[in-house]
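> In our numbering, each residue carries its 1-based index in the sequence shown increased by 466.
Note that CB positions come from ideal geometry on N, CA and C, so glycine has one too.
All of these numbers come straight from a predicted model, not from anything done at the bench.
My questions will all concern the structure given below.
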Amino acid sequence: MLPTAIFFLGALREPLQAEPPAMKVTLNQSSGPSGSAVRGKVILTFEPGLHAYQNPPSQDYQIPVTVSLDGATGPFLLNYPVGEPVAVGGESEASFTYSGVVEIPFMLKAPAKPGKHTLTVKVRYQQCTDSMCFPPKTITAPVAFTTTKGSAVAGTANWARAMAGWK
467 MLPTAIFFLG ALREPLQAEP PAMKVTLNQS SGPSGSAVRG KVILTFEPGL
517 HAYQNPPSQD YQIPVTVSLD GATGPFLLNY PVGEPVAVGG ESEASFTYSG
567 VVEIPFMLKA PAKPGKHTLT VKVRYQQCTD SMCFPPKTIT APVAFTTTKG
617 SAVAGTANWA RAMAGWK
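Here it is in structure tokens:
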């Protein structure tokens, strides 16, 4: 009985789950022709004292921040930033983490069908303190985009130019 009580008292020192990071998604344009390149950013804000692991993670066991897009009909490219090196959990080797405000640039191909589209950005993450990690969670945000009538050839040319400049 005593070990169980000690376990529960220890568990009360740390919250069972942290507040999710704030998420905002921005697009460089809210409309464009079919097939054109649309750039944007996922902006995550982690509360003080919390971090998440960069993508790709420093160690195999770390669960990185992962961004995906539901409703896209074409490519979705991401440019994950490099995290900050931090010694966590008593490890001798630094891990690269995201904390504070993190911006993740992306580029998607505008849907082919003219009209209004709602896409869903999903972010999977695992927040940690210096001493423990919370279970992985997923947050979502809708993104509205309107595909305008236009030349498919022009949209494809725009996409090709954007791909050439993508880092």
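Nearest to P577 by alpha carbon, out of P522, P541, Y527?
That would be P541, whose Cα lies nearest to the Cα of P577.
> Just confirm the distance between the C-beta atoms of V508 and L493, as a whole number of angstroms; I'd bet it's less than 8 angstroms.
The pair is not a contact, with the Cβ atoms about 11 angstroms apart (cut-off 8 angstroms).
> When you compare the region 518-536 with the region 575-594, are there three or more beta-carbon pairs, one atom per stretch, that lie closer than 8 angstroms?
Yes, they touch.
> Consult DSSP for A620 and reduce its assignment to one of helix, strand or coil.
Here A620 sits in helix by DSSP.
> For A634, which three-state DSSP category applies?
Absent from the model: residue 634. The displayed extent of the chain is 467 to 633, so no value can be given.
> With a CB to CB cut of under 6 angstroms and the five nearest residues on each side skipped, what residues in its chain are close to G648?
Nothing can be reported for residue 648: it is not among the residues displayed for the chain, which extend from 467 to 633.
> Quick one: measure Cβ to Cβ for L610 and S496, integer angstroms, because I've assumed they're closer than 8 angstroms.
Looking at the sequence itself, residue 610 is Ala, so the reference to Leu does not match. Going by Cβ atoms, the distance from A610 to S496 rounds to 7 angstroms, so yes, they are a contact pair.
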